[in-house]
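Asker: If you're matching positions, the sequence shown starts at 6 in this note's numbering and goes up one per residue.
All C-beta atoms in this analysis are idealised placements derived from N, C-alpha and C, irrespective of residue type, glycine included.
Structure incoming, see below.
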Amino acid sequence: MEPATWGFIGTIVGTIVGALASIYTTYLNGKNTASIQNKSETFKREELFREFQRDNYLKLQEIIPKIIRLINLLLLEDKENYQKTREWQKASVNSENDNNLMNQLRELSIYTERVDNTDLREELKKIKTKAGKVLMTSSWSESDLIMSDLIKNDYDRIMENLGIELRKNYKN
């Protein structure tokens with residue numbers, strides 16, 4: 006074969022190899038870009054979810070003390086009414102505090118259902134149930150017992166668990 010033919014064949018082979026290398030490089034670059042984009046979107050979604058949970062836990066940390074305070078106010082009012090009438094929870098209580106309590110309990114229900122941690126969500130539901138029972142008892146001593154248990158045991162535990170969940174969301 007002529008040297009010009011070999012030069013032509015070399016040029017063609019070089020062109021084909023160069024084109025294949027360029028195509029493969031473009032393919033790898035596109036694949037890596039797609040992977041990076043997917044990871045970025047996943048990170049953004051996870052961060053949005055963590056922010057949502059953080060905001061939810063912070064709101065719960067505000068609601069629970071308000072509920073305890075309102076129950077205490079209404080319970081004290083019930084005790085005063087009991088001393089006057091000798092009938093437990095028969096007299097009307099402050100409607101503003103009563104309405105505020107109902108609103109706070111409703112908010113507690115809403116925010117509880119947004120909690121991702123199943124155990125914490127169940128614990129919040131139990132506290133809401135117990136809080137509702139304080140003002141639905143048949144005697145002063147029963148209300149006092151439930152309220153004492155709510156304050157001494159449940160309140161600190163739930164606030165601690167909310168704090169743990171908050172720290173998890175801020176660390177990750």
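(1) On the three-state DSSP scale, how would you describe Arg119?
(2) Just how far apart, CA to CA, sit Ser106 and Phe54?
(3) Measure from the alpha carbon of Asp159 to the alpha carbon of each residue in Asn102, Ala96, Lys84 and Lys133, then state which is nearest.
(4) Along the chain, where does the alpha helix (DSSP H) containing Trp145 start, and where does it finish?
(5) Does the distance from the CB of Leu155 to the CB of Tyr62 come in under 8 Å?
(6) Would you call Ile163 buried or exposed, if buried means 16 or more other Cβ atoms sit within 10 Å of its Cβ?
(7) Do you know whose CA, among Asp149, Thr142, Leu129 and Arg172, lies nearest Asp161's CA?
(8) Near Thr117, what residues of its chain come up, given a Cβ to Cβ distance below 8 Å and the 5 sequence neighbours on each side ignored?
(9) For the stretch 95-115 and the stretch 69-86, state whether three or more C-beta atom pairs, one from each stretch, are separated by less than 8 Å.
(10) Which residues mark the beginning and the end of the alpha helix (DSSP H) in which Thr142 is found?
(11) Short of 8 Å in beta carbon distance, which residues of its chain neighbour Tyr175, apart from the five on each side in sequence? Order them along the chain.
(12) Is Ser40 helix, strand or coil by DSSP?
(13) Short of 8 Å in beta carbon distance, which residues of its chain neighbour Lys89, apart from the five on each side in sequence? Order them along the chain.
Answerer: Taking the structure as given:
(1) coil
(2) A small fix is needed here, since residue 106 is Leu in this sequence, not Ser. Looking at the two C-alpha atoms, the distance is approximately 29 Å.
(3) Lys133
(4) Trp145 to Asp154
(5) no
(6) buried
(7) Leu129
(8) Leu65, Arg126, Leu129, Lys130 and Lys133
(9) yes
(10) Taken as a continuous stretch (DSSP letters only), Thr142 belongs to no alpha helix (DSSP H), as it is neither H nor E.
(11) Arg59
(12) helix
(13) Ala96
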